[in-house]
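In this note's numbering, the protein residues as written are 613 to 1201. Heads up: the structure comes next, in structure tokens.
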């Protein structure tokens, strides 16, 4: 069965399932019920039920808040809320502490966020699915999942051998077994099928349904005049093969997973690389990827051992599916960082459960689900899975092309490494060997630069005064390099943080031999100082090292220990990050 067929069946199931809602909730928007369960019920349970619920055995002020009826009826002070009118609702005045004589909860005022949620809920018309007496707030640790699954139709396996009902029908309708199921339901409602549509109507319906675009007059004329008995089937196949099919039906899937290219909130900043996921969905639909593979790619596409590659670009398509987790609402610079993290994970769970399971797992954030087989333990187990997973950039380029480029680079390195190292060493040796010639000359010029209020800046003097060029020619030195050394000396002598500050101070007052001696002394002192702090013991504990020296213990956080060979199980590389292994310092790259 194609992904398109599954998506159509799922859409039909959703439409039929909506008819099963209790009649008392028919006028309530599903979003309102969800808002109540996620934001209002938890506030009432945590702050009000202790004194105003049947389970607690209390109804202070003759007020019960654990049922819709009790909430609307109110208590001694009158109706608690006026749906659609927050200003007239006593509940908001009480929890906002506007009434000095009546303030609830009595110990602490509700957080501003909770009050804002209550206000929005009343503005929505106070949707409330609670009917009759209050259900238990807690199941006392008893949660029979097997019983839940056995009692609810949605958890029953779909039998594979369901036969369509045998019905008396007019010739030509129903045409397929699916039509027979539809006809049976129509007959129950004492309805009859509509008459056959004209070919002009059929082609327009197919085009708009499958591609979202209207047919051209020429395409309409061609279909109307097509006498083939399978003209309809041929048109369907042609439209399913159109690239516009994935664009059209990809929008439905992107709506299910709440795709957006920005984060929302105040700044609404963009989500990097979001377009890659959008294009992935379009290509997957056009390629008729099996639905089970499509789901695996969404949940953990970056972990697929044999990923699906794009036929044209050879890019890793499976990994792009996992980009689904990167999408979602976010708050920039949150004040409550942990709370924001929990809300992000909740958004991921909510979208995932509705898109892939057809369930509202979000209810289990605060309590075991009231009718589905989802416990609070299930919710937080899933939340732990998401929180323990990190975001990282995934290399999706063609692995074969990458491997070829890596081998080519390794070959070039092997062929040229010796020559590069030899030439580099010769160059460095030549330049380093003459440092001792530049230092005393640069110091001499710097000492001769006039000082005082009217004196030129050293940089201006170096750039314009003929002394530098004359001295360089006399000493057979490069003029530009000598000028650079003079400028650097001027900077280094005024900064104690400069690594050559001590050498410069010595060089400005001593001869060439003394300057070189000062350099050697500084090097020896630095080496001795480093050796003076002897490391006595190193203790590795997880990702932190505890190092004991002659002075004291110190803790060092370890990100990676490159002293040993890297185990592939410790990393999730994408591409050739490590190559053949970590490279030593000084290796030509």
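Cβ atoms here follow ideal geometry from the backbone N, Cα and C, with glycine treated the same way.
Going by beta carbon distance, what residues of the same chain come within less than 7 Å of residue i, once the five residues before and after it are set aside?
i: residue 1153; result: In this prediction, residue 1153 has a pLDDT of 49, which is less than 50 and means its spatial position is unreliable; what the coordinates show is noted afterwards. So the list is empty, once near-sequence residues are dropped.
i: residue 855; result: 898
i: residue 705; result: 711
i: residue 958; result: 974, 977
i: residue 1071; result: 1099
i: residue 1089; result: 1049, 1050, 1053
i: residue 1012; result: 926
i: residue 1210; result: Absent from the structure is residue 1210, since the part of the chain shown begins at 613 and ends at 1201.
i: residue 882; result: 873, 874
Closest to residue i by CA distance: which of the options is it?
i: residue 955; options: 965, 943, 994; result: 943
i: residue 1057; options: 1121, 998, 1114, 1011; result: 1121
i: residue 814; options: 707, 836, 896, 887; result: 836
i: residue 657; options: 724, 1064, 756, 979; result: 979
i: residue 1095; options: 1055, 1119, 1114, 1116; result: 1055
i: residue 1104; options: 1119, 1091, 1093, 685; result: 1119
i: residue 1059; options: 967, 1092, 1116; result: 1116
i: residue 646; options: 851, 975, 840, 1092; result: 975
i: residue 822; options: 864, 804, 841; result: 864
i: residue 795; options: 778, 1002, 743; result: 778
i: residue 723; options: 800, 1039, 655, 762; result: 655
i: residue 900; options: 797, 876, 862; result: 862
i: residue 1074; options: 1027, 695, 684, 1101; result: 1101
i: residue 818; options: 832, 805, 806; result: 832
i: residue 774; options: 792, 890, 763; result: 792
i: residue 841; options: 1038, 820, 811, 866; result: 811
i: residue 1000; options: 1062, 1033, 953, 798; result: 953
Here's a check: name, in chain order, each residue in its chain whose Cβ is nearer than 6 Å to the Cβ of residue i, leaving out the five neighbours to either side.
i: residue 630; result: Unreliable placement is indicated for residue 630, whose pLDDT of 34 sits below 50; no coordinate value is reported for it.
i: residue 693; result: 701, 703, 734, 738
i: residue 1079; result: none
i: residue 922; result: 929
i: residue 962; result: 974
i: residue 1084; result: 1091, 1094
i: residue 848; result: none
i: residue 920; result: 929, 930
i: residue 757; result: 985
i: residue 621; result: Interpretation of residue 621 is limited by its pLDDT of 44, a score under 50 that renders its predicted location unreliable; no figure is taken from the coordinates.
i: residue 1112; result: 1104
i: residue 886; result: 873
i: residue 805; result: 785
Cβ of residue i within 8 Å of Cβ of residue j?
i: residue 984; j: residue 971; result: yes
i: residue 687; j: residue 674; result: yes
i: residue 858; j: residue 908; result: no
i: residue 808; j: residue 789; result: no
i: residue 850; j: residue 824; result: no
i: residue 660; j: residue 672; result: no
i: residue 816; j: residue 829; result: no
i: residue 1049; j: residue 1087; result: yes
i: residue 716; j: residue 644; result: no
i: residue 761; j: residue 767; result: yes
i: residue 684; j: residue 677; result: no
How many whole angstroms separate the CB atoms of residue i and residue j, which I take to be in contact at a CB cut-off of 8 Å?
i: residue 990; j: residue 927; result: Not really, about 35 Å apart at Cβ, beyond 8 Å.
i: residue 914; j: residue 931; result: 5 Å
i: residue 729; j: residue 652; result: 7 Å
i: residue 939; j: residue 872; result: 7 Å
i: residue 740; j: residue 648; result: 6 Å
i: residue 868; j: residue 967; result: 5 Å
i: residue 941; j: residue 876; result: 5 Å
i: residue 731; j: residue 695; result: Residue 731 to residue 695, Cβ: 12 Å. No contact.
Note down, in chain order, each residue of its chain lying with its Cβ closer than 8 Å to the Cβ of residue i, except the 5 sequence neighbours on either side.
i: residue 748; result: The predicted position of residue 748 is uncertain, since its pLDDT is 44 and thus under 50; no value can be drawn from it.
i: residue 879; result: 944
i: residue 727; result: 704, 707, 708
i: residue 892; result: 929, 932, 933, 935
i: residue 987; result: 755, 757, 976, 980, 981
i: residue 912; result: 934
### Task
Please go through the stretch 769-827 and give each complete alpha helix (DSSP H) segment of 4 or more residues, from N-terminal end onward.
789-800, 811-822
### Task
Ignoring anything shorter than 4 residues or poking outside the stretch 865-932, list the alpha helix (DSSP H) runs there in chain order.
886-898, 903-912
### Message
Extract the residue ranges of the alpha helix (DSSP H) inside the stretch 996-1065, only unbroken runs of 4 or more that lie entirely within it.
### Response
1011-1045, 1047-1060
#### Entry: Runs of alpha helix (DSSP H) lying entirely within the stretch 702-728, each at least 4 residues, in chain order
702-707
### Secondary structure, alpha helix (DSSP H): runs of 4+ residues fully inside the stretch 641-693
642-647, 653-659, 680-685
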